[in-house]
Each structure stands twice: as structure tokens, then as C-alpha cells.
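Read the structure below first, then the notes.
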Amino acid sequence: MASSSLSVVLILCLAAAALAQLSTTFYDKSCPLALEKIQNSAATAVKNDRRMAASLLRMHFHDCFVQGCDASVLLNETSVGGNERGAFGKVGSLRGFEVIEQIKKDVEAGCKRPYSNNGPVVSCVDILAVAAREVTNNRACVGGPSWEVKLGRRDSTTASATQANQNLPVPFLGVAGLNASFVSKGFNLTDMVALSGAHTIGRAQCQNFRGRHYNESNINTTYATKLKLNCPQSGGNTNLAPLDDDTAVALNPDLFNNDYFINLQSEKGLLHSDQVLYNATAAGCATKDIIKSFASS
Numbered sequence: 025m026a027s028s029s030l031s032v033v034l035i036l037c038l039a040a041a042a043l044a045q046l047s048t049t050f051y052d053k054s055c056p057l058a059l060e061k062i063q064n065s066a067a068t069a070v071k072n073d074r075r076m077a078a079s080l081l082r083m084h085f086h087d088c089f090v091q092g093c094d095a096s097v098l099l100n101e102t103s104v105g106g107n108e109r110g111a112f113g114k115v116g117s118l119r120g121f122e123v124i125e126q127i128k129k130d131v132e133a134g135c136k137r138p139y140s141n142n143g144p145v146v147s148c149v150d151i152l153a154v155a156a157r158e159v160t161n162n163r164a165c166v167g168g169p170s171w172e173v174k175l176g177r178r179d180s181t182t183a184s185a186t187q188a189n190q191n192l193p194v195p196f197l198g199v200a201g202l203n204a205s206f207v208s209k210g211f212n213l214t215d216m217v218a219l220s221g222a223h224t225i226g227r228a229q230c231q232n233f234r235g236r237h238y239n240e241s242n243i244n245t246t247y248a249t250k251l252k253l254n255c256p257q258s259g260g261n262t263n264l265a266p267l268d269d270d271t272a273v274a275l276n277p278d279l280f281n282n283d284y285f286i287n288l289q290s291e292k293g294l295l296h297s298d299q300v301l302y303n304a305t306a307a308g309c310a311t312k313d314i315i316k317s318f319a320s321s
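Counting in this note's numbering, the sequence shown runs from 25 upward without gaps.
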């Protein structure tokens with residue numbers, strides 16, 4: 025399992041928006057039970073629904089990629105900047121908002137001063153960041169890596185549907201488009217491939233991978249046949265398929281390991297933007313070698 029490589033880059037995702045004043049002990053005095061409350065609530069959420077691990081990790085990625093780890097993805101507004109939940113490819117696919125809301129209530133109930141006195145003690149973005157770690161690291165159901173989360177971020181008061189549409193990488197991009205998107209956030213090719221490895225858990229909607237198994241040649245024929253069973257050429261747009269096929273065979277598509285990278289070598293990447301990382305032939309493209317490295321770790 026390439027947990028060390030993946031966890032390093034998951035840390036980078038958090039660190040990208042980190043400032044000098046952030047600290048792992050930020051809430052030790054104002055809300056000493058905060059981390060314990062988040063851990064317990066996250067564990068309950070995954071126990072009730074294993075898919076929640078991928079959902080909260082994805083929500084955290086979405087939040088950090090749009091405006092920089094500020095909880096804007098949690099805002100459900102139609103004024104000012106719009107609603108990030110309705111950005112391209114995200115309509116109906118982002119889930120787990122009620123889990124974060126419940127964690128928020130549990131955390132604030134254990135803080136030293138009431139929530140109503142002067143706003144929240146613990147920011148929503150910090151809750152989302154820690155929750156993403158806790159569900160990924162859930163030993164009972166997911167078994168992914170852990171990482172240090174520095175705390176003290178502030179919440180945004182506005183969302184931006186425009187920035188979400190412009191900044192979030194879509195599943196139809198080639199390597200050049202993906203690279204441009206990640207470079208704009210300060211990531212290199214290794215970061216991009218490792219962050220894509222979060223697709224070792226979770227599922228995708230048929231509308232986001234239909235073109236791959238009907239129109240592309242760089243796909244395992246047996247795998248393509250299986251995908252066609254629940255993703256027809258028309259209809260069934262919201263039907264789901266595991267992002268990590270080999271783990272799904274083991275009846276646990278929510279197990280965090282390096283099978284995602286192994287699958288790409290067998291042309292079993294579910295999304296175009298996944299498989300192209302291994303099959304791209306552009307001059308100077310190093311993503312194939314990075315995938316081989318992670319697959320063999």
C-alpha cells in the first residue's frame with residue numbers, strides 16, 4: 025500500500041492553504057474536546073454509511089481547490105457568488121453536508137462558551153478538514169493514512185459557483201488540462217497523481233464515465249462490458265460504479281489502498297481523467313512512471 029506517498033500529498037492539500045498562525049493546538053483552550061468530538065462523530069458516520077469516507081474526503085478536496093480551504097462549499101446560497109454545490113459535475117453528487125452539520129453541533133456543545141454568544145468557536149473549515157482525515161483513517165472500514173491537521177482557518181461568508189466551474193478539474197480532461205489545473209494551485213505532477221489516488225475509494229456517476237467505456241480504446245474489454253450493464257448509452261445518468269474496480273471485487277470499494285494505480289496499468293481506470301494519466305504519450309509526460317512507482321510501493 026502506497027500510504028506514505030499518498031499521505032504526504034494529502035498533507036500538501038491541507039498545507040496549501042496553511043498560514044504561519046495555524047496550529048495543531050489552536051482549540052486546546054477554547055474547545056479542548058473538539059478533535060475527540062469530530063473523531064467520534066466521523067466514526068459514527070462511516071459506520072452508518074461506508075461511502076461517507078469518500079464523500080467527505082471529496083468535499084474537502086472540492087473546498088480547498090475552489091477558494092482555498094474556507095468552507096465555502098458548505099454554503100447553500102443563491103445570492104452573491106452563487107452555490108458551489110451546483111457547479112458542473114457536482115449537482116447531486118456532493119453529499120455529507122448533514123454529517124458536517126451534525127459534527128458542528130456536537131463540537132460546539134462541548135466548547136467552553138455557547139455557540140450563540142459570539143458565533144462558532146470551531147470553524148466549519150477546520151471541522152471539514154479534520155473530518156476528512158478521520159473518515160479516511162477509519163481503521164474499521166477504510167484503513168487509510170492519517171496526517172497532521174493544523175487548525176485556525178476562518179470560514180468564508182460567500183461561495184463562488186464561477187470559481188468552482190473554472191477551477192475544479194472535470195473527468196474529461198487530458199493530462200495537459202489536468203496539469204494546468206493543478207499547477208494553478210501550486211501542485212506538481214507527483215502531487216497531481218497522488219491526489220488522484222484518492223479515487224481508491226468512492227464511486228462516480230454514469231454521466232461522468234459513459235464516454236469512456238463506449239468510445240475509448242484504452243479500456244479493458246471485460247471491464248468495459250461490466251460497466252455497460254449499469255451505464256447504458258442513454259439514461260441512467262446517476263447510476264454509480266466504484267472508482268476502484270479491483271477493490272470492488274473484494275466487496276469493499278471503500279478500502280483505501282494503492283489498487284487504483286495498479287488498475288490503471290490494466291486499463292481499468294473508470295474516468296477518462298484517471299486512465300489518461302497512464303496512457304498519455306505527450307512528450308515529457310512523466311505521469312506514467314509516477315503511477316508505476318505508486319503501484320509497486
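Every residue, glycine too, gets a C-beta built ideally from N, C-alpha and C.
For residue i and residue j, which I take to be in contact (beta-carbon distance under 8 Å), what is that distance rounded to the nearest angstrom?
i, j, result
"Asn232", "Pro195", "5 Å"
"Ala310", "Phe285", "No, Ala310 and Phe285 are not in contact; Cβ-Cβ is about 14 Å, not under 8 Å."
"Arg178", "Leu46", "So it is not a contact: roughly 11 Å between Cβ atoms."
"Val131", "Ala58", "5 Å"
"Thr182", "Gln229", "About 28 Å separates the two Cβ atoms, so there is no contact after all."
"Phe50", "Gly167", "About 28 Å; that fails the 8 Å criterion."
"Gln65", "Gln126", "The identity of residue 65 in the sequence shown is Ser, whereas the question assumes Gln. The pair is a contact, with the Cβ atoms about 6 Å apart (cut-off 8 Å)."
"Leu202", "Met216", "6 Å"
Spatial neighbours of residue i within its chain, please: C-beta separation below 6 Å, excluding the five flanking residues on both sides.
i, result
"Gly226", "Ala78 and Leu267"
"His86", "Val97"
"Thr214", "Ile314"
"Cys135", "Cys55 and Val145"
"Ala188", "Val90, Glu108 and Ala111"
Can you tell me whether residue i is buried or exposed, with buried defined as 16 or more other CB within 10 angstroms of its CB?
i, result
"Lys354", "Nothing can be reported for residue 354: it is not among the residues displayed for the chain, which extend from 25 to 321."
"Asp278", "buried"
"Ser220", "buried"
"Asp52", "exposed"
"Val70", "buried"
"Asn287", "buried"
"Glu158", "buried"
"Val207", "exposed"
"Ala265", "buried"
"Arg163", "exposed"
"Ala133", "exposed"
"Ala218", "buried"
Note down, in chain order, each residue of its chain lying with its Cβ closer than 8 Å to the Cβ of residue i, except the 5 sequence neighbours on either side.
i, result
"Asn244", "Ser290, Glu291 and Lys292"
"Thr326", "In the structure as shown, the chain begins at 25 and stops at 321. Residue 326 is therefore absent and cannot be evaluated."
"His237", "Ile243, Tyr247, Ala248, Leu251, Lys252 and Cys255"
"Ile124", "Leu80, Met83, Leu98, Cys148, Ile151, Leu152 and Ala155"
"Gln257", "Arg234 and Tyr238"
"Lys312", "Leu301, Tyr302, Asn303 and Ala304"
"Asn100", "Asn107, Arg109 and Phe121"
With DSSP run on the structure shown, which of helix, strand or coil describes residue i?
i, result
"Glu227", "Inspection of the sequence shows that residue 227 is occupied by Arg rather than by Glu. Note: Arg227 maps to strand in three-state DSSP."
"Ile315", "helix"
"Leu152", "helix"
"Leu99", "coil"
"Leu294", "coil"
"Ser65", "helix"
"Leu175", "strand"
"Ser47", "strand"
"Leu192", "coil"
"Leu80", "helix"
"Tyr302", "helix"
"Leu251", "helix"
"Ala265", "strand"
"Asn287", "helix"
"Cys165", "coil"
"Thr181", "coil"
"Glu125", "helix"
"Arg236", "helix"
"Ala58", "helix"
"Val159", "helix"
"Gly11", "Shown here, the chain extends from 25 to 321; a query on residue 11 therefore has no answer."
"Lys71", "helix"
"Gly221", "helix"
"Val133", "Note that residue 133 is Ala in the sequence shown, not Val. Helix."
"Gln187", "helix"
"Phe85", "helix"
To which residues of the same chain is residue i closer than 7 Å at the C-beta, ignoring the five residues directly before and after it?
i, result
"Asp283", "Thr224, Asp268, Asp270 and Thr271"
"Asp298", "Ser220, His223 and Leu288"
"Leu192", "His86, Phe89, Val90 and Ala111"
> So, do the segment 86-101 and the segment 147-164 have three or more beta carbon pairs nearer to each other than 8 Å?
Replying inline: Note that the segment 86-101 touches the segment 147-164; at least 3 beta-carbon pairs, one per stretch, sit closer than 8 Å.
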